[in-house]
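Enquirer:
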Amino acid sequence: MHTHDRVAFESFLTQNAAFAERIDWARRLASSDVRILIEGETGTGKSRLARAIHDASDREGRPFVEVELAGLSAEEAHERLFTSEGIWQADRGTIVIGGLLEQPAWLASKVLRINEPFCRERHNVRILLTRIDRDPSVVAPSLPVELYHRMPEVTIAMPALRDRPEDLLALFHGFVAQACGATGKRVEGWTEEVERMLLAHPWPGNLHEMRALAFAAVLAARGPRLSSGEVAAGMRAPCPGEQDGPPTLRDVSHRYARKVLARENGNVSAAARTLGLSRCTLIEWLKEDVS
3 MHTHDRVAFE SFLTQNAAFA ERIDWARRLA SSDVRILIEG ETGTGKSRLA
53 RAIHDASDRE GRPFVEVELA GLSAEEAHER LFTSEGIWQA DRGTIVIGGL
103 LEQPAWLASK VLRINEPFCR ERHNVRILLT RIDRDPSVVA PSLPVELYHR
153 MPEVTIAMPA LRDRPEDLLA LFHGFVAQAC GATGKRVEGW TEEVERMLLA
203 HPWPGNLHEM RALAFAAVLA ARGPRLSSGE VAAGMRAPCP GEQDGPPTLR
253 DVSHRYARKV LARENGNVSA AARTLGLSRC TLIEWLKEDV S
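Here this note's numbering is used: the first residue of the sequence shown is 3, the next is one more, and so on.
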């Protein structure tokens, strides 16, 4: 069972009309026991929305249990769900199950019928499901009849960060404020170069990636305003398989650094000062780009 601070729907700050409408829809559904499937890429806030639904329901204060089945065999998933770690622990509360619909139909069907009126093993528990968005190029398999009629009645899609451009700077500001509170450092803003970098980045890791970047940038900060070099220093190498996808913030940062170097007529020291980097770091970047 997870202990957590209460999550209010009002904490989902957004200027994106479509996302605001989905949050409002979730708020209206919270007081019912309707089963909900929350879909979205990794890092879009699926678990957080599930917590908000639980906290706004009559089950607030009761157990809130999250179980992730990704990578588990059917037997392992069954054991995790039907032991003290899973459904039993969520009695009279809410259980959030990730990856259930990727398990065999017999297991998904068994779980989804536990709160049906005439089920012999009925339990007083609300079921919320989460699922990572499918690759649109992959055709989804058809659902068996016994599972089709037990699917969640409502699906809420969490948008990727790249589809919320109007929210990017406000979200990054919030994460920077969190990082300042956690580290005791003082950062009040960032340069225009940083703003351009943030808006140009595709954010494949969504909120997880942005939070990690904000904390790394604040730790690297040498003044009250983040420089492009300090932000870029927080970037990790792309994950395997990402190299052929959209450019990472690291790619954008290095490309921008080369433009600054050209503007400074090849003067590495001057470019490093403009970027807020040490001369050695900029030289390492240049070496990486030609290796």
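Heads up, the beta-carbon is just placed ideally off N, CA and C, and yes, glycines get one too.
DSSP three-state call for V196: helix, strand or coil?
Expert: Residue numbering aside, residue 196 sits at position 194 when the sequence shown is read from its first letter. Three-state DSSP puts V196 in a helix.
Enquirer: Go ahead and label E294 buried or exposed: buried means 16 or more other beta carbons lie within 10 angstroms of its beta carbon, across all protein chains shown.
Expert: No answer is possible for residue 294: it lies beyond the span of the chain, which begins at 3 and ends at 293.
Enquirer: So, L130 versus R50, is the Cβ gap smaller than 9 Å?
Expert: As a working mapping, residue 130 is identified with position 128 in the sequence shown. As a working mapping, residue 50 is identified with position 48 in the sequence shown. The answer is no: Cβ separation not under 9 Å.
Enquirer: Given a cut-off of 9 Å, decide if F11 and A54 are closer than it, judged by their beta-carbon atoms.
Expert: Position 52 of the sequence shown, counted from the first residue, corresponds to residue 54. Position 9 of the sequence shown, counted from the first residue, corresponds to residue 11. Taking 9 Å as the Cβ cut-off, A54 and F11 qualify as a contacting pair.
Enquirer: Can you tell me whether L201 is buried or exposed, with buried defined as 16 or more other CB within 10 angstroms of its CB?
Expert: Working through the sequence shown from its first residue, we reach residue 201 at position 199. It is exposed - the Cβ of L201 has fewer than 16 other Cβ atoms within 10 Å.
Enquirer: Short of 6 Å in beta carbon distance, which residues of its chain neighbour W90, apart from the five on each side in sequence? Order them along the chain.
Expert: As a first step, residue 90 must be located in the sequence shown, where it is residue number 88. Cβ within range, chain order: n/a, list empty.
Enquirer: Can we say the region 208-225 touches the region 176-191, given the rule of at least three CB pairs closer than 8 Å?
Expert: yes
Enquirer: Which two residues bound the contiguous beta strand (DSSP E) that contains L130?
Expert: Within the sequence shown, residue 130 is the residue found at index 128, counting from 1. Residues R128 to I134.
Enquirer: If I measure Cβ to Cβ from Q245 and keep anything under 7 Å in the same chain, skipping five residues before and after, which residues do I get?
Expert: On the sequence shown, residue 245 is found 243 positions in, with the first residue counted as 1. In this predicted model, Q245 has a pLDDT of only 45, less than 50, meaning its place in the structure is not dependable enough to derive any value.
Enquirer: Comparing C-alpha positions only, which one of R275, S59 and E195 sits nearest to S33?
Expert: As a working note, residue 33 is residue 31 in the sequence shown. Per the Cα distances, S59.
Enquirer: Ordered along the chain, which non-local residues of its own chain (more than five positions away) have a Cβ less than 7 Å from that of I134?
Expert: The count along the sequence shown starts at 1 and reaches residue 134 at position 132. Correct list, in chain order: E43 and T44.
Enquirer: Where do the ends of the alpha helix (DSSP H) carrying G183 lie?
Expert: Numbered from 1 along the sequence shown, position 181 holds the residue referred to as residue 183. Where G183 is concerned, the enclosing alpha helix (DSSP H) stretches over L170 to T185.
Enquirer: How would you label P226, buried or exposed, when you count the other beta carbons within 10 angstroms and need 16 or more for buried?
Expert: Within the sequence shown, numbered from 1, the residue matching residue 226 stands at position 224. When all chains shown are included, P226 counts as exposed.
Enquirer: Assuming L215 is part of the alpha helix (DSSP H), what are its boundary residues?
Expert: Within the sequence shown, residue 215 is the residue found at index 213, counting from 1. First-last of the alpha helix (DSSP H) with L215: N208 to A222.
Enquirer: Where does I38 fall in DSSP's three states?
Expert: What you label residue 38 is simply residue 36 of the sequence shown in a count that begins at 1. Three-state result, I38: strand.
Enquirer: Given a threshold of 16 other Cβ atoms within 10 Å of its Cβ, counted over all protein chains shown, does A264 qualify as buried or as exposed?
Expert: Position 262 of the sequence shown, counted from the first residue, corresponds to residue 264. A264 is exposed by the Cβ-count criterion.
Enquirer: Cα-Cα, which of R64, G100, E87 and G88 is closest to G73?
Expert: Mapped onto the sequence shown, residue 73 falls at position 71. The shortest C-alpha separation from G73 is found at G100.
Enquirer: Excluding five sequence neighbours on each side, which residues of the same chain lie with their C-beta closer than 6 Å to the C-beta of S280?
Expert: For the purposes of this step, residue 280 is taken as residue 278 along the sequence shown, with counting starting at 1. For S280, where only same-chain residues beyond five positions count, there are no Cβ hits under 6 Å.
Enquirer: Does the separation of the CB atoms of R260 and L288 fall below 9 Å?
Expert: As a working mapping, residue 260 is identified with position 258 in the sequence shown. As a working mapping, residue 288 is identified with position 286 in the sequence shown. In this structure, L288 lies closer than 9 Å to R260 by Cβ.
Enquirer: Within 10 angstroms of the Cβ of D26, are there 16 or more other Cβ atoms? Answer buried if so, exposed if not.
Expert: Taking the first residue of the sequence shown as position 1, residue 26 is located at position 24. It counts as exposed.
Enquirer: In chain order, what residues of the same chain have a beta carbon less than 7 Å from the beta carbon of R275, not counting five sequence neighbours either side?
Expert: Within the sequence shown, residue 275 is the residue found at index 273, counting from 1. Hits under 7 Å: none found.
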